[in-house]
Structure formats: structure tokens, C-alpha cells
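K.L.:
The structure is reproduced here in C-alpha cells:
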């Protein structure tokens, strides 16, 4: 399957940017401003720097075996059975990310746009779209991302430019003089969401047809992270700390603030356009990584075999994931942090260490 | 119940269509995986329709990681109160 399929470095960078923005673009300002207050943007900047550091680790893992995905590498480094067990746990992480994003999308649409529509129906429709993406493979997903990317960037710039007249510098003052410790703490939930989620890209990095893939990965995370910093900053400048913290989707509220000459008003759909595209690719990537994992785990001939059963399972688990948005916020600030650190930081570092030992052992065996 | 029966019938139809494709792969493992996968998937979707309890992924992750996550949560809460 994946041996023949190749995507370009540019497409890979776009997919990384889409994944960083994903759900974060609409929810992150509220999370960081709750802890860092007017310095919330600094929390995002700190998390971005951490994310860039993590990409260096992921690149090092990729460099060890550039023709193998994370599941194959796990089996190679830890042996067949432990490797399979770790692969299964990693798939649980991918599964959780996918249903989490699906649920966030469902909640957003049913609370802001289609209020009377059942959340199950919204999620089902979104999932069906992602299913077709996964079914056609990573090449088609990457090409679609390349097509939609200019619209996303245009929408982000339009949003930022149109709300600028409403910005007030006093909303972020004093800059880094009070609540600095809170700004550092506010970066914590952001490490796992969205930066440690980038570990999923190790599942198909061997499909990228570019020798400078490490650089492309770094560029993607940096651009995505900086866009998040700018959006958080604009949210704080326009809405202020109180409004940003109180709203679950402050970026969407930001769109509602657009008002030009009493003619062009409330074009919050701009935000929705950015978000629908980015979340679609985020769910699709999670789903794809999960399916590839199953193919590797069960040694199937075709990865498409499990795609349809997973539509059902993902939908049901997304529906029963949590009872409320408040509970999700609590989860993000407690269990999610060690959960994401386990798979996004501990597992990759373990893989690096195991790789070093394996190299040493191999060298010793070869030397006599 | 009508809803559940309809979903079962629809799933059977989808399964037969997909099985036809998987059959061409000439892989027993793929056939078994699809069949068992569909049964599990059907169990979950029918459970959802009939309002039966379905495990929550957040609860599972919470059970395992909450003790480690508690200090993070307490620390973040202290900043939120300020």
C-alpha cells in the first residue's frame, strides 16, 4: 500500500500546519487566557518552542529508519510482541485524538450553527467525508490539503485584518509583568494539544518524497504555532481577557466583531471556513494513522479492510466520549497532560534510547 | 427497535458490498478481520441506538492517568483562581 504512495514535501508541510491549527485555532485562546490572562499569547509561544523541540526528536526517530513507519519501528526496536503491544497503545492514542476532534466539531456545530440538529448526525456526516479521504489514501488527502490551503490562509488574513480596527493595546497590558507564572503554566495543556499530537506524523513520514523532510516538518510546526500565537494575540487585543476566557470558542466570537462601515458585519463564517477545513484534515489524519496501525498489527493485505467498521466505532465512541464541554476542559487540564506526554514524549524518547542501544549492540557484534 | 433493525439491515448490505471487494484480495486474514470488525461495530452502534451503556474513552484514560494528572490540574486551578 504505502510503499508506492508518495506525497511531496510541500504537501507534508501543509498537512502539518493544518494539524497544528486543527481544533486549536478555535479553542486555544480561551484555554491560555484562563491561566496566563493578558500574557496568554506568551503561553502559546512557549508551547510552540516546545513543539519545535519535539519535532527535532521525531525527526531523529525518522532518520534512524527512513523507510519504516512508527509501527514498524516499534517492532524493530522492542521485538515483535512488545512492539505490537506498544503499537496497540499508540493506536489508542490516535483513536482518542480522532474521536476528540470529531466531538469538538460536533459540539461546535450544534452549539453555534445548527442548534436543533442532533450531534450524532453532524458527526456522522463529518466522519463520512473523512472516511472517503482515508479510503482514497494519503496522496489524495495531501492533494486536497494543498488545494484548500490558500483559502485557509486567505481567511485567516482577512479575519486578522478586518478585526484590527477593534484592537486595543490596553487589553494586553501590562506585558509580561504580572501573571508570568500563569503564562508558563498555561503552556502545559497546549503541549499535548496540538504539539505532542504531531507524533502521529511518524506513521507516514516514509511516504514523503523529499530529502529535506526534517526541515519541512520544522517549518510546518513553526508556521502553525506562530499562526496560533497571532490569533491568540488578536483575540486578547480585540475581546480582552475576560471575554476570551469566558467563551469556549473565542475565535468565532472574534469573527462576530467584524464591522466595516455598518455594511460588512458578522462575517464569522470566515472563522468557520478556516476551521472546517483544518479539522477535516486533522480527523482524517488521525483516522488514517489508526487504520495503518491496524494493517500493521494484524498483518493485513489491504489497509482499507478496517475503514468501514471504524466509522461505526469512531462515531459511537465520539458520542459517548464525554457528557459536556465543561468536562472536556477539565479532562484537558488533568489526565490529558500525562496521557499525551506518555505517547508524544516518553515513547519517542524510549525509541531513541532503544535505537542507540541497538546500534551499540550491532556495532559490538560486527567489530570482531 | 425499528431504528436498530434498519441499521442492522443497512449494515448487512454494506458488509456484503465490502466483502465482495475483500474477497478479491484472497486473504483469509482480511476476510476474518472485516467480519469480526463489522460484528463489533454493529454491537456498538446498536448499543448506542438502544441507549445501552457504552464505555467512555475519557473515563478509561482518566482512570489510568488521573492520579498523575491531578497535580497538573491543581496547579493550573491555582492560577485560574488568581
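Protein chains in written order, with my numbering: chain A, 1 to 368; chain B, 1001 to 1082.
We put the CB at the ideal spot given by N, CA and C, even for glycine.
Given the structure is predicted, the values throughout are model-derived calculations rather than measurements.
#1: Residues of chain B with CB under 8 Å from residue 173 (chain A), in chain order?
#2: According to the neighbour-count rule (16 or more other Cβ atoms, all chains shown, within 10 Å of its Cβ), is residue 170 (chain A) buried or exposed?
#3: Opposite residue 208 (chain A) in the DSSP bridges: which residues?
#4: Would you say residue 1080 (chain B) lies against chain A (beta-carbon separation less than 8 Å)?
#5: Assuming residue 44 (chain A) and residue 232 (chain A) are in contact, meaning their beta carbons sit under 8 Å apart, how far apart are those beta carbons, in whole angstroms?
#6: Considering just the uninterrupted stretch of the alpha helix (DSSP H) at residue 193 (chain A), what are its terminal residues?
#7: For chain A, find out if any of its Cβ atoms is closer than 8 Å to the Cβ of residue 1016 (chain B); answer yes or no.
#8: Name the DSSP beta bridge partners of residue 265 (chain A), please?
#9: Which residues, in chain order, does the segment 1003–1030 of chain B contribute to contact with chain C at a C-beta distance below 7 Å?
#10: Judging by CA-CA distance, which residue of A:29, A:305 and A:194 is the nearest neighbour of residue 98 (chain A)?
#11: Please report the distance separating the alpha-carbon of residue 2 (chain A) from that of residue 150 (chain A).
#12: Starting from the beta carbon of residue 1052 (chain B), find every residue of chain A whose beta carbon is closer than 9 Å, and list them in chain order.
#13: What's the call for residue 1012 (chain B), buried or exposed, on a 16-neighbour Cβ count within 10 Å?
#14: Could you tell me whether the segment 274–283 of chain A touches the segment 12–32 of chain A, using the rule of 3 or more Cβ pairs below 8 Å?
#15: Using 8 Å as the limit for Cβ to Cβ distance, is residue 68 (chain A) near chain B?
#16: Measure from the C-beta of residue 1048 (chain B) to each C-beta in chain A and report whether the shortest distance is under 8 Å.
#17: Measuring alpha carbon to alpha carbon, tell me which of A:333, A:243, A:357 and A:303 ends up nearest residue 136 (chain A).
#18: Can you find a CB in chain A that lies within less than 8 Å of the CB of residue 1001 (chain B)?
#19: Apart from the five residues on each side of it in sequence, which residues of its chain come closer than 8 Å, Cβ to Cβ, to residue 158 (chain A)?
#20: If you measure between the beta carbons of residue 18 (chain A) and residue 282 (chain A), is that distance less than 8 Å?
#21: Measure the beta-carbon distance from residue 335 (chain A) to residue 1061 (chain B) and round it to whole angstroms, keeping in mind my assumption that it falls under 8 Å.
#22: Which same chain residues, not among the five before or five after residue 368 (chain A), have their C-beta less than 8 Å away from its C-beta?
#23: Please classify residue 37 (chain A) as buried or exposed, where buried requires at least 16 other C-beta atoms within 10 Å of its C-beta.
#24: Whose Cβ in chain B lies nearer than 8 Å to the Cβ of residue 7 (chain A)?
#25: Could you name the residues of the same chain whose beta carbon sits closer than 6 Å to that of residue 1031 (chain B), not counting the 5 residues immediately before and after it, in chain order?
#26: How would you write the range of the alpha helix (DSSP H) that residue 59 (chain A) sits in, first residue to last?
#27: Could you have a look at residue 156 (chain A) and say whether DSSP puts it in helix, strand or coil?
#28: How is residue 117 (chain A) classed by DSSP in three states: helix, strand or coil?
#29: Cα separation between residue 206 (chain A) and residue 67 (chain A)?
#30: Residues of chain B with CB under 9 Å from residue 246 (chain A), in chain order?
#31: For residue 295 (chain A), count the other beta carbons within 10 Å of its own beta carbon; 16 or more makes it buried, fewer makes it exposed. Which is it?
#32: Just to make sure I have the definition right: I need the residues of chain B whose C-beta is within less than 7 Å of the C-beta of residue 302 (chain A). Which are they?
#33: So, with DSSP's three-state summary, where would you put residue 2 (chain A)?
#34: Measure the beta-carbon distance from residue 162 (chain A) to residue 253 (chain A) and round it to whole angstroms, keeping in mind my assumption that it falls under 8 Å.
#35: Quick one: which residues of the segment 326–348 of chain A get their C-beta closer than 8 Å to a C-beta of chain B? List them in chain order.
#36: Which residues in chain B have a C-beta closer than 8 Å to the C-beta of residue 309 (chain A)? List them in chain order.
P.N.:
Result, derived from the coordinates:
#1: Neighbours of residue 173 (chain A) across chain B, judged by C-beta separation under 8 Å, do not exist; the nearest C-beta is about 17 Å away.
#2: Residue 170 (chain A) comes out exposed.
#3: Its beta-bridge partners are A:7.
#4: For residue 1080 (chain B), the answer is yes, since a Cβ of chain A falls inside 8 Å of its Cβ.
#5: The Cβ separation is near 5 Å, so the contact holds.
#6: Segment: none, residue 193 (chain A) is in no alpha helix (DSSP H) and carries neither H nor E.
#7: Not one beta carbon of chain A lies nearer than 8 Å to the beta carbon of residue 1016 (chain B).
#8: Beta bridge pairing from DSSP links residue 265 (chain A) with A:259.
#9: You won't find chain C in this structure, because its protein chains are A and B.
#10: Closest in C-alpha terms to residue 98 (chain A), from the list A:29, A:305 and A:194, comes A:194.
#11: Note on residue 2 (chain A): pLDDT 45, under 50, position unreliable in the model; no value is reported.
#12: Residue 1052 (chain B) does not reach chain A, its nearest Cβ partner there being about 10 Å away, counting only Cβ pairs nearer than 9 Å.
#13: Note on residue 1012 (chain B): under 16 other CB atoms within 10 angstroms of its CB, so exposed under the neighbour-count rule.
#14: Contact holds: three or more Cβ-Cβ distances are below 8 Å.
#15: Not one chain B Cβ lies under 8 Å of residue 68 (chain A).
#16: Taking 8 Å as the CB threshold, residue 1048 (chain B) lines the interface with chain A.
#17: Of A:333, A:243, A:357 and A:303, the smallest CA-CA separation from residue 136 (chain A) is found for A:303.
#18: Cβ-Cβ to chain A under 8 Å: no for residue 1001 (chain B).
#19: Same-chain partners within the cutoff: 270.
#20: For residue 18 (chain A) and residue 282 (chain A), yes; Cβs fall inside 8 Å.
#21: In this structure, residue 335 (chain A) and residue 1061 (chain B) form a Cβ contact; the two beta carbons are roughly 5 Å apart against a cut-off of 8 Å.
#22: Residue confidence is low: residue 368 (chain A) scores 46 on pLDDT, short of 50, so the model does not pin down where it sits. Its coordinate-derived value is still stated next. Answer for residue 368 (chain A): no residue qualifies.
#23: Classification for residue 37 (chain A): buried.
#24: Within chain B, no residue comes near residue 7 (chain A); the closest Cβ sits about 24 Å away, beyond 8 Å.
#25: Its chain contains 1022 as the residues whose beta carbon lies nearer than 6 Å to that of residue 1031 (chain B), once the 5 sequence neighbours on both sides are disregarded; these appear in chain order.
#26: 40–64 is the extent of the alpha helix (DSSP H) around residue 59 (chain A).
#27: Helix, per DSSP.
#28: DSSP places residue 117 (chain A) in coil when its eight states are reduced to three.
#29: Their backbone Cα atoms lie some 5 Å apart in a straight line.
#30: Chain B residues near residue 246 (chain A): none, gap ~12 Å exceeds 9 Å.
#31: With 16 or more other Cβ atoms within 10 Å, it is buried.
#32: Going along chain B in sequence order, the residues near residue 302 (chain A) (Cβ under 7 Å) are 1025 and 1030.
#33: Here the model assigns residue 2 (chain A) a pLDDT of 45, short of 50, so the residue's position is not dependable, and the following value carries that caveat. Assigned with DSSP and collapsed to three states, residue 2 (chain A) falls in coil, not helix or strand.
#34: Not confirmed; about 14 Å, so no contact.
#35: Within the segment 326–348 of chain A, 327, 328, 330, 331, 333, 334, 335, 336, 337, 338, 339 and 342 place their CB atoms closer than 8 Å to a CB of chain B, listed in sequence order.
#36: Residues of chain B passing the Cβ test: 1034, 1037, 1038, 1040 and 1041.
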